[in-house]
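Chains as they are written, first to last, in our numbering: chain A, 1 to 150; chain B, 151 to 218.
The C-beta atom is built at its ideal place from N, Cα and C for all residues, glycine as well.
Scroll down for the structure; my scribbles are underneath it.
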């Protein structure tokens, strides 16, 4: 593959990745209504355990995607371009956003717990959900912004 | 400490008739990285600044300057 086509290919994949990350994060957030509205986090039952297991697998898969940037089956040369200096900087900023989001959410629950009882599972579920979804959205935004004014 | 970096990357690149993709290819980075450096959104590492200077046959100081 010529170098120019390698750069073009990496750009196509990078733009696609940014779009996919945003869609996956929004879907992940949207799916939380299943957990928060019908007692899936508080009532012990086989179906609820399956739901929680599915959420955990989903969250872990998204974290792996965020950490690796995906495209693991692509050639090394294209993957290097997909994970170059600016991409790593965007990921770093996204993870910082994730950290602060989790801290603020945890503090929020600390205050809510003064007035209304919340279970540890509910707290962990929401903190982890935001901790996964927000960095993905931030990464997607930064990646898409990087192509503006080209 | 300065958080921003002035640069003449776009000017030098276009002066040599190179596209962002050409420069990205020669520097071994994505076009997105070249674009963000040119727009002042991203401050490159020392290694990337030196690489860009070498590819363009310029001194790093000719490409990047601290704001006054």
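- Taking a C-beta distance under 9 Å as the contact criterion, residue 183/B and residue 146/A qualify as a contact pair.
- The beta-carbon separation of residue 100/A and residue 135/A, rounded to 10 Å, does not stay under the 8 Å limit for a contact.
- A Cβ-Cβ distance of about 11 Å is found for the pair residue 35/A and residue 29/A, leaving them out of contact under the 8 Å criterion.
- Beta-bridge pairing by DSSP links residue 214/B to 157/B.
- Of the residues assessed, residue 156/B falls on the exposed side of the cut-off, its CB having fewer than 16 other CB atoms within 10 angstroms.
- Taking a beta-carbon distance threshold of 9 Å, residue 175/B counts as an interface residue toward chain A.
- Within its own chain, the residues whose Cβ lies closer than 8 Å to the Cβ of residue 24/A, once the five positions on either side in sequence are excluded, are 62, 65, 136, listed in chain order.
- Sequence-distant partners of residue 154/B (beyond 5 residues in either direction) whose C-beta falls short of 8 Å from its own C-beta, in its chain, are 190, 193, 217.
- Distance between residue 161/B and residue 206/B, taken at the CA atoms: about 11 Å.
- By the Cβ-count criterion, residue 81/A is buried, with 16 or more other Cβ atoms from all chains shown falling within 10 Å of its own Cβ.
- Look at the beta carbons and you see the segment 163-178 of chain B not touching the segment 113-131 of chain A: under three pairs across the two are nearer than 8 Å.
- Shown here for residue 71/A: same chain residues with a beta carbon closer than 8 Å to its own, the five before and five after excluded, namely 13, 17, 78, 79, 82 in chain order.
- Shown here, residue 166/B sits in coil according to DSSP, grouped into three states, outside any helix or strand.
- Taking 8 Å as the upper bound for CB-CB distance, residue 204/B and residue 7/A are not in contact here, some 18 Å apart.
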